[in-house]
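Taken in order, these protein sequences are the chains called X and W.
Final position of the first sequence in the working numbering is 1441; the numbers increase by one with none missing.
Final position of the second sequence in the working numbering is 810; the numbers increase by one with none missing.
Shown next, in structure tokens, is the structure this report addresses.
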Amino acid sequence: MSGEEYAVILVLSTSHAVRIEKMLAQQGIACKMIPVPRQISSDCGVCVRIPQSQREAASEIVREAGIAIQGIVDV
Amino acid sequence: MIYFDNAATSWPKPPCVGEAMTRFMTEIGANPGRSGHRMAVEAARVVYGAREAVAELFGAPDPLRVIFGANATEAINLALNGLLRPGDHVITSSMEHNSVMRPLRALSGGRVGLTVVGCSPEGGLDPKDLEAAIRPTTRLIILTHASNVTGTLLPVAEVGRIAREHETLLLVDAAQTAGACPIDMQAACVDLLAFSGHKSLYGPMGTGGLVIGDRVDVARFRPLMRGGTGSHSEHEEQPGFLPDLLESGTPNAVGLAGLAAGVRWVLATGVDHIRARERDLTRRLLTGLEAILGVTVYGTRDARTQTATVSFTIAGMEVSEVGSRLDDEQAVMCRVGLHCAPAAHRTLGTFPTGTVRFGLGAFSTAEEVTFALDVVAALSRGLR
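Take a look at the structure:
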């Protein structure tokens, strides 16, 4: 399989997404705000994409910061 | 030309403010939080950047608890209407602006108890008087950080401690001080802070907001408006989390781009530096005014206990005439009258005639103060 496998952090709002993106980037996790993939939600919002390999680390950072999220799913 | 009306809105703005707004309009432009494409994401980053800058300035830990609105008035209305219920009691001072007094008077008509604590003729508040007014039902204390008429600073940190002791909340109206005087919400025990974006934060008009501390129960907070937030779009009920609970509809993103630049400019310049500079100019202005025969200065008349806003009258001349002659003859622009604060003028003894108000800002200079003093002296001399 070519390239990286990803997970997405499903967020409450775009403001939350920017906050998480900044926080993860500061910790050296490659992340990107992208539209929520259609297979996950019909919502019009964004989510934060991370490498699957960083899923646990990202989850820990978000939890420690006390930022509410809707979940993290592999894509 | 001398602009001494910074207490109404600051002018000029640092060049970075207009540049940030132009950049937003020409290069970013999309609706933040409504789509996932790159322009929308960039717009969301700009708005979040404004939240971050404001949170940093006031020592607030969570940028998501910075709620933006049109101005400090909207923020105050949001807090008062959002948190107070029939049967609650609220305390304020007699130096408040109508942005506080009018919503409070409307609420007190709807069975919210209101106590207005009297201030001294200099506009000062004794925290003991305020503490004596606290009841078991006191839900909130709302206090201006500084009078918009005399610049008199009120003892918010002392009142903050009192509020904690009595397990009530403190809302501070920082319209006149945000960016001009240091404010640390945590150190001063401020639970809610209403700020104006277009005064001493040097952003554009149409920006302001409310910073919500962690002692405020968000579940109790009722929004002023409900509507689209770009989140929870499958639900017809308002989201319960911040900032979306309290921010509906497309925001003034171009204004917030300017506000972010203004706040970053304040942070880079340093609030302490701005405060020290304005204090020196205020001292110069106060000393000069008090030396002019026929001039009465209101407030503490001490630059250490007030902002760079100074109110005065000239014996024998209506304030409206002073204002128009300053503008027409010498292009000195200021504000005259009651400054939307009738209670403050009753406290100071200047109701209903009002005062002449010079509002200095970060770009005011000693030369401007000297020139304005000469003009006031000449006006006063002409009467005697």
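From the three backbone atoms N, C-alpha and C, an ideal C-beta is built for every residue, glycine too.
Computed from a predicted structure; not experimentally measured.
Positions along the stretch 490 to 505 of chain W whose CB lies within less than 9 Å of some CB in chain X
L490
Take the Cβ of P669 of chain W as the centre, count every other Cβ of all protein chains shown within 10 Å, and call the residue buried at 16 or more, exposed below.
buried
Of all the residues that make up the stretch 654 to 668 of chain W, which are near chain X by a beta-carbon distance shorter than 8 Å?
T655, G656, S657, H658, S659, E660, P665, F667
Per DSSP, which residues does P1417 of chain X bridge with? Please list them.
X:Y1372
Based on the DSSP secondary-structure assignment, which residues constitute the bridge partners of Q612 of chain W?
Looking at the DSSP assignment, Q612 of chain W forms no beta bridge with any residue, so it has no partner.
Which residues of chain X have a Cβ atom closer than 7 Å to the Cβ of R471 of chain W, listed in chain order?
V1384
Cα-Cα separation between V598 of chain W and H571 of chain W, rounded to whole angstroms:
6 Å
Extent of the continuous beta strand (DSSP E) to which L668 of chain W belongs
Taken as a continuous stretch (DSSP letters only), L668 of chain W belongs to no beta strand (DSSP E), as it is neither H nor E.
Any beta carbon from chain X within less than 9 Å of A601 of chain W's own beta carbon?
no
Using a Cβ-Cβ distance cut-off of 9 Å, determine whether G1437 of chain X contacts chain W.
no
S1379 of chain X to A1424 of chain X, Cα distance in whole Å?
18 Å
Counting only beta-carbon atoms, is I1433 of chain X nearer than 9 Å to chain W?
yes
DSSP-derived helix/strand/coil call for I454 of chain W
helix
Taking its Cβ as the centre, do 16 or more other Cβ atoms sit within 10 Å of A792 of chain W, making it buried, or is it exposed?
exposed
Using C-beta distances below 8 Å, list every residue in its chain close to P547 of chain W, excluding the 5 sequence neighbours before and after it, in chain order.
T773, L774, G775
For chain A, is any of its Cβ atoms less than 9 Å away from the one on R648 of chain W?
Reference to chain A is not applicable here, since the protein chains of this structure are X and W.
Express the C-alpha separation of T781 of chain W and A1434 of chain X in angstroms, rounding to a whole number.
51 Å
For chain W, find out if any of its Cβ atoms is closer than 9 Å to the Cβ of L1443 of chain X; answer yes or no.
In the structure as shown, chain X starts at 1367 and stops at 1441, and residue 1443 of chain X therefore has no counterpart that could be examined.
Just to confirm my understanding: we take A486 of chain W, look at its own chain, exclude 5 residues before and 5 after, and list those with CB closer than 6 Å. What are they?
M611, V637
Starting from T708 of chain W and walking both ways along the alpha helix (DSSP H), at which residues does that stretch end?
697 to 716
So if I threshold CB-CB distances at 8 Å, which residues from the stretch 452 to 465 of chain W count as touching chain X?
P458, G459, R460, S461, G462, H463
Return the CA-CA distance between L809 of chain W and P677 of chain W, expressed in angstroms with no decimal places.
52 Å
Specify the secondary structure class of G539 of chain W as computed by DSSP and reduced to three states.
strand
Shortest alpha-carbon distance to P441 of chain W belongs to which of W:G629, W:D552, W:G513, W:I588?
W:G629
Do Q732 of chain W and T695 of chain W have their beta-carbon atoms positioned less than 9 Å apart in this structure?
no
Nearest candidate by alpha-carbon position, reference G688 of chain W, set W:T713, W:F647, W:E478:
W:E478
From W:E794, W:D640, W:T578, W:H592, residue whose alpha carbon lies closest to that of S737 of chain W
W:T578
Using 10 angstroms around the beta-carbon of S436 of chain W, count the other beta-carbons present and answer buried if the total reaches 16, otherwise exposed.
buried
Give me the chain W residues within the contact set of S1425 of chain X, using Cβ-Cβ distance strictly less than 7 Å, ordered along the chain.
Ordered by position in chain W, no residue passes the 7 Å Cβ test against S1425 of chain X, which lies about 19 Å from the chain.
Could you please give the first and the last residue of the uninterrupted beta strand (DSSP E) stretch that includes G544 of chain W?
Where G544 of chain W is concerned, there is no enclosing beta strand (DSSP E), given that its DSSP letter is neither H nor E.
Are the CB atoms of E522 of chain W and A734 of chain W nearer to each other than 9 Å?
no
Beta-carbon of S1419 of chain X versus every beta-carbon of chain W: anything under 9 Å?
no
For T448 of chain W, count the other beta carbons within 10 Å of its own beta carbon; 16 or more makes it buried, fewer makes it exposed. Which is it?
exposed
Within 10 Å of its beta-carbon, does L580 of chain W have 16 or more other beta-carbons around it, so buried, or fewer, so exposed?
buried
Chain W residues whose Cβ lies nearer than 7 Å to that of V1412 of chain X
G462, V467
Best match in W:R703, W:A614, W:P608 for proximity to L693 of chain W [C-alpha to C-alpha]
W:P608
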